[in-house]
Ligand SMILES: *Cc1c(COP(=O)(O)O)cnc(C)c1O
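Numbering (my numbering), first residue to last: 1258 to 1643.
Have a look at this one:
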């Protein structure tokens, strides 16, 4: 491979762009210390701070550990854990639903929701061809629910429209078809916002046809933080929503599925069948609750601002930004720099920086705000160029 200095300069430029420089003095784990001199305990903090691959890469703060330490330790399969029960009630209320069940992962939340909505095959689920449920849940819809899937390629580059749904929805009882029982939407999808007005239009069509609406709201927190909408505004249009605490909010794990009382009761039954009945879930619930309280909505909004700042720096550097940066994700094409994703990744690895590639020249960076006590960011990316 040739080594035109132009290319190498650009590689270095990009590396410098990605290097967080605002890393001087921070307080974490009770000690004031330089970020680069982080001791063993903080090693994962430093790793996370340089890891742009996903907003799942976060680490608990001391305050979060403290919340975990003081949580109740009852048995959640018996529905006797106070911290978990209170958190479920809080989220049900906060989102405008009757009931909620705390589960291990976003995938489990989505799959339980669909399994609970779908009762008697043959049936189909309509969703965006780019969605998490369709692409990244190991074919779970077929495995758990025996469902046929209708992946829609939206006419609009950002989100599905009412028309897309009407064109693909199967309402016929002709024996050749698998009638659509659920429309599953996702917000944010690839970090972009699904307008509430279009969601409302879609839900009207679904309800007219007796079709359930599920929202994969793994990152609905980001959408609401950005738009100022409340989760309740979305809830009106969906029979169920799954919400993750393990993404930008920064909890180590945990998702909530919300819906009607009967729906959640049934989902709880399926959760046990899935092997997802957990015992002393209190500390996990406490971490999730703390993540929400500490980071929603202000901290999330800050990460979005940083993402936009970062994207603008990248584009000044010649990088193509391939999707609008509505929230915490930056999708980029580095081909104008004359380097490949591999070359860039190799270069960045030298600095311990990790970034996710989608193909030979396209990559994704996500921004999360890790914060320690005293409200300091552990992961503030004040991006500068040398
Ligand atoms: C992360 C994510 C999930 C669930 O992921 P888990 O790793 O199973 O927690 C579901 N949907 C979307 C859109 C996600 O981003």
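Each residue gets a CB set at the ideal place from its N, CA and C atoms; glycine is no exception. Keep in mind it's a predicted model, so treat the numbers as computed, not measured.
Please return the same chain residues whose Cβ sits closer than 8 angstroms to the Cβ of residue i, not counting the five positions on each side in sequence.
i: residue 1512; result: 1359, 1360, 1361, 1362, 1363, 1365, 1366, 1475, 1499, 1500, 1501, 1502 and 1503
i: residue 1334; result: 1529, 1534, 1535 and 1536
i: residue 1518; result: 1355 and 1356
i: residue 1447; result: 1387, 1580, 1586 and 1588
i: residue 1326; result: 1540
i: residue 1668; result: Residue 1668 cannot be examined here, being either before or after the span of the chain that is shown, 1258 to 1643.
Output needed for residue i: all residues of its chain with C-beta closer than 6 angstroms, excluding positions within five of it in sequence on either side, in chain order.
i: residue 1437; result: 1381, 1383, 1426, 1427 and 1468
i: residue 1263; result: Below a pLDDT of 50, predicted positions are generally treated as unreliable, and residue 1263, at 43, falls in that range; no measurement from the model is reported.
i: residue 1624; result: 1560, 1563, 1564 and 1585
i: residue 1572; result: 1578
i: residue 1525; result: 1358
i: residue 1434; result: 1427
i: residue 1421; result: 1409, 1411 and 1412
i: residue 1330; result: 1537 and 1539
What would DSSP say about residue i, mapped onto helix, strand or coil?
i: residue 1438; result: strand
i: residue 1625; result: coil
i: residue 1476; result: coil
i: residue 1401; result: helix
i: residue 1345; result: helix
i: residue 1552; result: helix
i: residue 1569; result: helix
i: residue 1461; result: helix
i: residue 1431; result: coil
i: residue 1563; result: helix
i: residue 1312; result: coil
i: residue 1354; result: coil
i: residue 1530; result: helix
i: residue 1582; result: coil
i: residue 1366; result: helix
i: residue 1539; result: helix
Compare the Cα-Cα distances from residue i to each of the options and report the closest residue.
i: residue 1592; options: 1583, 1584, 1586 and 1579; result: 1579
i: residue 1507; options: 1454, 1568 and 1321; result: 1321
i: residue 1454; options: 1552, 1482, 1439 and 1492; result: 1492
i: residue 1345; options: 1445, 1543, 1523 and 1390; result: 1543
i: residue 1371; options: 1515, 1486 and 1460; result: 1515
i: residue 1353; options: 1487, 1459 and 1463; result: 1487
i: residue 1403; options: 1376, 1424 and 1311; result: 1376
i: residue 1442; options: 1309, 1457, 1485 and 1319; result: 1457
i: residue 1551; options: 1313, 1319 and 1314; result: 1319
By DSSP's criteria, residue i is part of a beta bridge. Which residues make up the other side?
i: residue 1407; result: 1383
i: residue 1454; result: In the DSSP output, where bridge partners are listed per residue, residue 1454 has none listed.
i: residue 1619; result: 1590
i: residue 1471; result: 1441 and 1497
i: residue 1359; result: 1513
i: residue 1614; result: 1620
i: residue 1449; result: 1446
i: residue 1577; result: 1590
From what residue to what residue does the beta strand (DSSP E) around residue i run?
i: residue 1586; result: 1586-1590
Counting only beta-carbon separations shorter than 8 angstroms, does residue i have a partner in chain B?
i: residue 1581; result: Of the protein chains in this structure there is only one, and it is not chain B.
For the alpha helix (DSSP H) containing residue i, name the first residue and the last one.
i: residue 1328; result: From DSSP, residue 1328 is part of no alpha helix (DSSP H); its letter is neither H nor E.
i: residue 1602; result: 1598-1606
i: residue 1392; result: 1389-1392
i: residue 1488; result: 1488-1492
i: residue 1504; result: It is not in any alpha helix (DSSP H) - residue 1504 carries neither H nor E in the DSSP assignment.
i: residue 1425; result: 1419-1425
Excluding sequence positions up to five away, which residues of its chain have a Cβ less than 7 angstroms from the Cβ of residue i?
i: residue 1558; result: 1482 and 1483
i: residue 1415; result: 1449
i: residue 1373; result: 1520, 1523, 1524 and 1527
i: residue 1440; result: 1383, 1422, 1459, 1463, 1468 and 1470
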